[in-house]
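Each residue of the sequence shown is one higher than the one before, starting from 163 at the first, in our numbering. Beta carbons are placed, not taken as given, at the ideal position from N, Cα and C, and that holds for glycine. Report on one structure; see the data block that follows.
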Amino acid sequence: MRNTLLRPALAYTALALLLTACVGPNARTFSAPSLGYKTLTQRELAGLPEPKDKIIVAVYNFRDQTGQYKFQENVSSFSTAVTQGATAMLIDALRDSGWFVPVERESFNNLITERKIIRANIGKDTELPELLHAPLMLDGGIVAYETNLTSAGLGAEYHGIGGSSQYRKDQVTLYLRASDVLSGAIVQSVSTSKSILSAEVKVGVFRYVEIDRLLEIEAGLSTNEPPQMCVMEAVQKAVVSLIIEGILDGLWDLKDPADMNSPVIKAYLSEKNGDVNRERSAYLLQRSRSALERKEWNRAIESSNEGLGLDPYNDALYATRSEAYAQTDRLDRAMKDAEWAITLNQNNGLAYNNRGYVYERNGDYRLALLDYRKSCSLGYDVGCANSKRLEATKPELVR
Numbered sequence: 163m164r165n166t167l168l169r170p171a172l173a174y175t176a177l178a179l180l181l182t183a184c185v186g187p188n189a190r191t192f193s194a195p196s197l198g199y200k201t202l203t204q205r206e207l208a209g210l211p212e213p214k215d216k217i218i219v220a221v222y223n224f225r226d227q228t229g230q231y232k233f234q235e236n237v238s239s240f241s242t243a244v245t246q247g248a249t250a251m252l253i254d255a256l257r258d259s260g261w262f263v264p265v266e267r268e269s270f271n272n273l274i275t276e277r278k279i280i281r282a283n284i285g286k287d288t289e290l291p292e293l294l295h296a297p298l299m300l301d302g303g304i305v306a307y308e309t310n311l312t313s314a315g316l317g318a319e320y321h322g323i324g325g326s327s328q329y330r331k332d333q334v335t336l337y338l339r340a341s342d343v344l345s346g347a348i349v350q351s352v353s354t355s356k357s358i359l360s361a362e363v364k365v366g367v368f369r370y371v372e373i374d375r376l377l378e379i380e381a382g383l384s385t386n387e388p389p390q391m392c393v394m395e396a397v398q399k400a401v402v403s404l405i406i407e408g409i410l411d412g413l414w415d416l417k418d419p420a421d422m423n424s425p426v427i428k429a430y431l432s433e434k435n436g437d438v439n440r441e442r443s444a445y446l447l448q449r450s451r452s453a454l455e456r457k458e459w460n461r462a463i464e465s466s467n468e469g470l471g472l473d474p475y476n477d478a479l480y481a482t483r484s485e486a487y488a489q490t491d492r493l494d495r496a497m498k499d500a501e502w503a504i505t506l507n508q509n510n511g512l513a514y515n516n517r518g519y520v521y522e523r524n525g526d527y528r529l530a531l532l533d534y535r536k537s538c539s540l541g542y543d544v545g546c547a548n549s550k551r552l553e554a555t556k557p558e559l560v561r
């Protein structure tokens with residue numbers, strides 16, 4: 163009888179030891195430094211069309227205006243709820259956009275001091291280059307940080323074995339405005355918000371395996387979006403909004419007016435006007451694919467164009483239109499659509515196959531084979547067939 167009682171105890175103990183090993187001395191407790199956090203909104207910044215002329219801007223201070231401190235239960239905390247480095251984030255986003263040339267104003271006194279030191283060393287009669295003046299000044303800040311906008315939880319326990327989960331959503335909001343330095347008029351103002359999500363899952367065992375033996379096991383996992391990274395995404399979104407709203411209001415111009423139809427601008431307008439219809443775009447995607455099967459290339463292109471007008475970030479529509487362009491020998495357009503589809507979704511097998519087809523048509527057989535193999539690895543059968551065909555016809559590629 164005693165052996166029978168010991169069996170579950172031994173089993174639970176083994177499980178506890180296994181779970182402990184996962185977080186014991188062998189667990190990785192360090193990581194290598196990286197070049198920087200890449201956000202989803204950086205794709206929008208990188209995808210903005212070129213300006214006619216870059217704009218010199220001054221950013222004096224873009225600060226936290228909430229005055230909130232980080233919430234901690236039963237603890238007095240003097241750590242702020244959001245980052246105090248929003249100015250640096252804004253300057254970085256302005257540079258990444260390719261539209262602005264930020265000039266140093268936050269550390270202007272330090273800059274002047276260094277120029278005085280240089281002048282003292284090389285002589286007062288030597289003229290230093292003039293500092294750039296900015297016709298546009300950017301200002302604003304983080305204006306709100308709301309906690310526990312949404313919170314939820316679920317848990318269950320039966321005979322001492324159970325689990326629970328919790329979810330919470332916070333939100334950060336910021337404003338960014340542009341002022342004409344000569345007149346002092348505020349020429350543009352935008353606002354953006356970003357949710358900050360947190361989730362936690364716990365499981366545990368708490369039961370007697372014998373009359374005088376208690377077994378207790380706990381395990382859990384929590385994920386939290388870093389607030390400073392969410393602020394960075396909101397700042398980048400604000401810069402995108404400022405640029406596009408300025409284009410619409412005629413404050414600055416595109417290098418090529420035809421770029422008003424660029425995917426980033428179309429996506430922004432769709433989001434702003436609230437007319438993104440994913441159900442309709444899914445229907446148009448299916449209609450475009452059906453047209454491809456019937457070899458009705460122009461009809462496939464028309465359906466894809468209509469779908470992209472509703473959902474400009476739909477990688478499947480770009481890949482489908484790319485195939486139709488390739489089949490009608492419009493290789494440049496096919497390549498552009500395939501690469502944009504891959505940018506949006508690096509697991510799009512059709513897009514890799516289409517790009518490989520264009521490479522092959524242009525005589526770049528090695529690049530074509532790489533894309534065919536990638537397409538095959540993503541489960542696209544046509545990519546596998548093209549890979550085998552090219553390896554058979556160009557055996558020197560696999561040597």
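Please check the pair tyrosine 527 and leucine 559, which I expect to be a contact at CB under 8 Å, by giving their CB distance rounded to whole angstroms. 6 Å
Go ahead and label threonine 249 buried or exposed: buried means 16 or more other beta carbons lie within 10 angstroms of its beta carbon, across all protein chains shown. buried
Count the other C-beta atoms from every protein chain shown that fall within 10 angstroms of the C-beta of aspartate 499, then say buried if there are 16 or more, exposed otherwise. buried
To which residues of the same chain is glycine 541 closer than 7 Å at the C-beta, ignoring the five residues directly before and after it? Gly511
Euclidean distance between Cα positions of threonine 228 and tyrosine 307: 7 Å
Cβ distance (whole Å) where serine 353 is taken to contact leucine 336 below 8 Å: 7 Å
Between Tyr222, Asn467 and Tyr487, which lies nearest to leucine 479 when the distance is taken from Cα to Cα? Asn467
Return the first residue and the last residue of the alpha helix (DSSP H) that serine 537 is part of. 527–539
Assigned secondary structure, asparagine 188 (DSSP; H/G/I helix, E/B strand, else coil): A caution first: asparagine 188 carries a pLDDT of 48, below 50, which makes its placement in the model too unreliable to give a value.
Find out if the Cβ-Cβ distance for the pair alanine 496, alanine 488 is shorter than 7 Å. yes
What does a CB cutoff of less than 6 Å around aspartate 415 pick up in its chain, not counting 5 residues either side in sequence? Lys214
Rounded straight-line distance, which links the Cα of glutamate 407 to that of asparagine 460: 34 Å
Under a three-way DSSP split, which group does threonine 242 fall into? strand
Out of Asn524, Leu413 and Asp258, which has the shortest C-alpha to C-alpha gap to aspartate 491? Asn524
Where does leucine 471 sit, in a helix, a strand or coil, going by DSSP? The sequence given here has glycine at residue 471, not leucine. The answer is helix: DSSP assigns glycine 471 an H, G or I state.
Quick check on the burial criterion: 16 or more other C-beta atoms within 10 angstroms. Buried or exposed for lysine 536? buried
Looking at the structure shown, is serine 269 part of a helix, part of a strand, or coil, going by DSSP? coil
Is threonine 385 helix, strand or coil by DSSP? strand
Inside the segment 304–358 only - beta strand (DSSP E) runs reaching at least 3 residues: 323–342
For aspartate 301, I'd like the list of residues in its chain whose CB is within less than 6 Å of its CB, leaving aside the five on either flank, ordered along the chain. Arg339
Start and end of the alpha helix (DSSP H) containing valine 560? Where valine 560 is concerned, there is no enclosing alpha helix (DSSP H), given that its DSSP letter is neither H nor E.
Can you tell me whether tyrosine 370 is helix, strand or coil according to DSSP? strand
Continuous beta strand (DSSP E) stretch holding alanine 420: start and end: It is not in any beta strand (DSSP E) - alanine 420 carries neither H nor E in the DSSP assignment.
Whole angstroms are fine: how far does the CA of tyrosine 320 sit from the CA of isoleucine 379? 14 Å
Return helix, strand or coil for arginine 456, following the three-state DSSP convention. coil
Cα-Cα separation between valine 397 and alanine 255, rounded to whole angstroms: 7 Å
Rounding to the nearest angstrom, what Cα-Cα distance links asparagine 476 and glycine 469 in this structure? 8 Å
Under the assumption that glutamine 350 contacts leucine 404 (Cβ atoms under 8 Å), give the Cβ distance between them as a whole number of angstroms. 6 Å
Given a threshold of 16 other Cβ atoms within 10 Å of its Cβ, counted over all protein chains shown, does isoleucine 323 qualify as buried or as exposed? exposed
Report back the beta-carbon spacing between alanine 314 and isoleucine 218 to the nearest angstrom; my notes put them in contact at under 8 Å. In fact, because the Cβ distance is near 48 Å, the residues do not count as touching under 8 Å.
Per DSSP, what kind of secondary structure is proline 297 in: helix, strand or coil? coil
Around the Cβ of glutamate 266, are there at least 16 other Cβ atoms within 10 angstroms (buried) or fewer (exposed)? exposed
Does glycine 412 come out as helix, strand or coil in the three-state DSSP assignment? coil
Could you pull the start and end residues of the alpha helix (DSSP H) that alanine 194 belongs to? Counting along the chain, alanine 194 falls outside any alpha helix (DSSP H), and DSSP gives it neither H nor E.
Does the beta-carbon of threonine 385 have 16 or more other beta-carbons within 10 angstroms, so that it is buried, or is it exposed? exposed
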